[in-house]
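One structure is given here, and the rest of the page talks about it.
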Amino acid sequence: MVQEKNIFRLGLTIIMFIALLGLVSTPALAHGRGRHVNRACSKTASAAFLACQNEVKDDYWIAKGNCYNLSDKEAQAECFEEAKDEYKGAKEECTEQLEARKDLCEEVGEDPYDPINDLEPEFVDPRDIGGVVAPNQYFPLVPGHEWVYEGGGETITVTVTNEIVVIHGVECREVSDVVVEDGVEIENTKDWYAQDEDGNVWYFGERSVAREDCEDDEEEECDAYLLSDDGSWIAGVNFAQPGIIMFGDPSEELGTVFRQEFALGDAEDAGEVESVTESADVPAVGADCTGDCLKTRDFTPIEPDVEEFKYYKPGIGLILEVDPETGDRVELTSKNF
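Residues 2 to 338 (this note's numbering) are what the sequence shown spells out, left to right.
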């Protein structure tokens, strides 16, 4: 009996040893394909999916609760039906976001996303950019530079300010982004960027205030009183992490997919370097490019069906945004440098 137990224990030990060998050898191979033994990226995607489902359920029951307070039975029945339809559509969106996040994991790898600790970039003094430090040719953070864009009935004015904000222990240059429609300011954003010694420009967060997106029959009240800060985030707060908004030398990164920001569920923009030999025409004088434009594809798992192409001219920066599905354009119309 004792001998049988010893044989059993020996067999179990051998099985566990073989399994351990498998666990030890697999990550090295997987890491070579951009994956990580902990599958942090995929697990993050799954966690966000569960959070999305719970939020959808919460919204559904809040909607039903509001429906109960409609005294008109016909309106109440319609309200219940709308709540049900929205619930179904929102659940499908959760699934689409999950798949989009998994697709992004295939591109960026499974490692935990902790770029400052992993890469340990050395950041330059933002006051030196444009002086002793050359600005990124596609994303120049030089105080006073201003770009004006037109598209979709909106005018967007982007200005590199003199303000410096310390975020996550890094001095960042503040950039103002103001959107005006029909003479009314509808969005005002402060973005914060830092440039490292390799010329890469990092995105450290934004504070955005915009008019709330309301139902058609609520627009007047909404425009007058309700504002939204959706999408606002700051690196180092609530686990948010910075990302690279522009490489120092994009020609060395062709085909690279990268995170531009990371605040799970709120800000998950990513990009891909597609080409550095593109051509584009825009209204701004001297801003056209012929075979020397950088083209990126920008997207986010939060909105899986939305993407845009951006064109950057060396020495100027962003000159054009194009929606590949509709062909809608946001064009640089003027600049002050």
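Heads up, the beta-carbon is just placed ideally off N, CA and C, and yes, glycines get one too.
Excluding the 5 residues flanking residue i on each side, which residues of the same chain have their C-beta closer than 6 angstroms to its C-beta?
| i | result |
| --- | --- |
| valine 202 | Asn137, Phe140, Tyr194, Gln196, Ile246 and Met247 |
| threonine 291 | Ser280 |
| glutamate 273 | Val258 and Arg298 |
| alanine 101 | Pro302 and Pro305 |
| isoleucine 157 | Tyr150 and Val180 |
Which residue from the options puts its Cα closest to that of residue i?
| i | options | result |
| --- | --- | --- |
| proline 122 | Val185, Ser43 and Asp199 | Asp199 |
| tryptophan 234 | Leu265, Val179, Glu56 and Asp250 | Leu265 |
| isoleucine 303 | Ser72, Tyr88 and Cys95 | Cys95 |
| alanine 52 | Val167, Gln98 and Asp306 | Gln98 |
| threonine 327 | Arg212, Val307, Lys314 and Pro315 | Val307 |
| valine 171 | Gly237, Lys58 and Leu295 | Gly237 |
| aspartate 329 | Val180, Gly152 and Val277 | Gly152 |
| valine 185 | Ala211, Val323, Val149 and Phe50 | Ala211 |
| glycine 154 | Val167, Asp119 and Val180 | Val180 |
| threonine 278 | Pro144, Lys311, Gly145 and Val286 | Lys311 |
| isoleucine 168 | Arg40, Gly206 and Asp293 | Gly206 |
| asparagine 189 | Asn163, Leu228, Asp289 and Ala84 | Leu228 |
| glycine 49 | Lys74, Lys103, Ala76 and Ala84 | Looking at the sequence itself, residue 49 is alanine, so the reference to glycine does not match. Minimum Cα distance to alanine 49 is reached at Lys103. |
Leaving aside the five residues before and after residue i along the sequence, list all residues of the same chain whose C-beta is less than 8 angstroms from its C-beta, in chain order.
| i | result |
| --- | --- |
| leucine 142 | Pro127, Ile130, Gly131, Pro136, Val161, Arg174, Val176, Tyr194, Gln196 and Val202 |
| aspartate 60 | Glu87, Tyr88 and Ala91 |
| cysteine 80 | Ala64, Asn67, Cys68 and Leu71 |
How is the alpha helix (DSSP H) around residue i delimited, first residue to last?
| i | result |
| --- | --- |
| serine 43 | 41 to 68 |
With residue i and residue j assumed to form a contact (beta carbons below 8 angstroms), what rounded beta-carbon distance in angstroms separates them?
| i | j | result |
| --- | --- | --- |
| glutamate 332 | proline 284 | 6 angstroms |
| isoleucine 1 | lysine 336 | The question about residue 1 has no answer here: the residues shown for the chain are numbered 2 through 338. |
| glutamine 242 | tyrosine 114 | 6 angstroms |
| cysteine 106 | serine 47 | Not a contact, Cβ separation roughly 10 angstroms. |
Quick one: what does DSSP say residue i is sitting in, helix, strand or coil?
| i | result |
| --- | --- |
| serine 72 | coil |
| leucine 321 | strand |
| aspartate 178 | strand |
| isoleucine 117 | helix |
| valine 109 | helix |
| leucine 333 | strand |
| leucine 228 | strand |
| threonine 278 | strand |
| glycine 381 | Only positions 2 to 338 of the chain appear in this structure, which leaves residue 381 out of reach. |
| aspartate 197 | strand |
| serine 252 | helix |
| glycine 328 | coil |
| alanine 236 | coil |
Could you pull the start and end residues of the beta strand (DSSP E) that residue i belongs to?
| i | result |
| --- | --- |
| leucine 295 | 290 to 300 |
| asparagine 163 | 155 to 168 |
| glutamine 138 | No beta strand (DSSP E) contains glutamine 138, which DSSP labels as neither H nor E. |
| proline 243 | 242 to 247 |
| phenylalanine 338 | From DSSP, phenylalanine 338 is part of no beta strand (DSSP E); its letter is neither H nor E. |
| valine 149 | 147 to 152 |
Ordered along the chain, which non-local residues of its own chain (more than five positions away) have a Cβ less than 7 angstroms from that of residue i?
| i | result |
| --- | --- |
| glycine 249 | Asn137, Asp199, Gly200 and Asn201 |
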